[in-house]
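Novice: Just dropping this structure here.
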Amino acid sequence: MNTQQTVPVLVYHSVCTDPAPLMREWAISPERFREHLEFLAREGYETLTVTDYVARLRAPLTPVPERIALVTFDDGFADFATTAAPALAATGTASTLYVSTAYVGGTSSWLGPDGEQPMLTWEAIGEVAAAGVEIGAHSHHHLPLDEMGSTAVEMEISVSKNLLERHLGHRISSFAYPHGYHSRRIKDMVRRAGFDNACAVKECLSGPGDDDLALARIMVHGDAPVDQLDSLMRGSARAPRHERLQTKVWRAARRTRARVGSRARTDVFDTA
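Here my numbering = 1-based position in the sequence shown + 148.
Structure follows, in structure tokens:
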């Protein structure tokens, strides 16, 4: 890859017309989502799964298209199978879906009553995987891993990987940190668990030199019009090579709050 090339890695959550109140900021309508996918095709973006993209990062001399974009989904809402997947297939868009395994077949109960929406079943996950969607792990209970002790983190990471592999019958290579929260310790644990790559958030563009165990992604908020998506993809900064000071301070504050029994807000995404 060209060392100056930038790659937008987009994060979606729910594609529906009537999201739960807490999900309105993160849900996009089916019509608008289709507009996003058609925009990517029209602008000549080649879409890749996260694992395919990391393979390109690790082979910098391999010729690649001038424009690459990634489409990722977090959590595993049921509307991915009914609404997002058909649009992805119709437009030939590659994608990676990250699943929080404790909630498969249930609801997004970690968000509380105002955020509950139906989640994918194991059958639906198998069907979208068979259709070519890359499935990744998003931990088991969708907790902020960098606030937790090592034993609990290892369980969250390994249980999600093992469940997905058992149900799908193939290796799971990619992980996404819940809320984007990670640290060097968490990255090392993800690597030791057998993952090849992982996604953070960062609200920045990826590209050569990005950390393949904390890839930069950009959140797609609400029903963002195409011109807003275009601005994000063209105008966002390149991911910093080192963790920013404000991220370290924010992590320390959250850990302190967790220790005294007051959980930090879990609807805030890391911008490390």
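Glycine residues also receive a C-beta, built at the ideal position from the N, C-alpha and C atoms.
Hey, would you say Ala-348 sits closer than 7 Å to Phe-323, going by beta carbons?
Specialist: For the 7 Å CB-CB criterion, Ala-348 and Phe-323 do not form a contact.
Novice: Check Val-374 in the structure and name its three-state DSSP category.
Specialist: helix
Novice: In its own chain, which residues sit with a C-beta less than 8 Å from the C-beta of Thr-210, not counting the 5 before and 5 after it?
Specialist: Met-149, Arg-204
Novice: Assuming Ile-305 and Val-338 make a contact with CB atoms under 8 Å, what is their CB distance in whole Å?
Specialist: 6 Å
Novice: Skipping 5 residues on each side, what residues in its chain have a beta carbon closer than 6 Å to that of Ile-334?
Specialist: Leu-293, Asp-294
Novice: Let me know the secondary structure DSSP gives Tyr-251 once reduced to three states.
Specialist: Reduced to three states, the DSSP call for Tyr-251 is helix.
Novice: Is the Cβ-Cβ distance between Ala-285 and Ser-308 less than 7 Å?
Specialist: yes
Novice: Quick check: what's the CA-CA separation for Tyr-160 versus Ala-250?
Specialist: In this structure, the alpha-carbon of Tyr-160 lies about 20 Å from that of Ala-250.
Novice: Rounded to whole angstroms, what is the Cα-Cα separation between Val-163 and Leu-185?
Specialist: 13 Å
Novice: Note down, in chain order, each residue of its chain lying with its Cβ closer than 7 Å to the Cβ of Tyr-193, except the 5 sequence neighbours on either side.
Specialist: Arg-215, Ile-216, Ala-217
Novice: Return yes when the C-beta of Cys-352 is under 6 Å from any heavy atom of the ligand FAD, and no when it is not.
Specialist: As presented, the structure is devoid of all ligands, the ligand FAD included, so that no description of it is given.
Novice: Starting from the Cα of Met-267, find the closest Cα among Arg-382, Ala-168, Val-212, Val-368 and give me that residue.
Specialist: Ala-168
Novice: Below 8 Å on the Cβ atoms is my guess for Ile-176 versus Gly-357; work out the distance and round it to an integer in Å.
Specialist: Wrong, their Cβ atoms sit about 30 Å apart, outside the cutoff.
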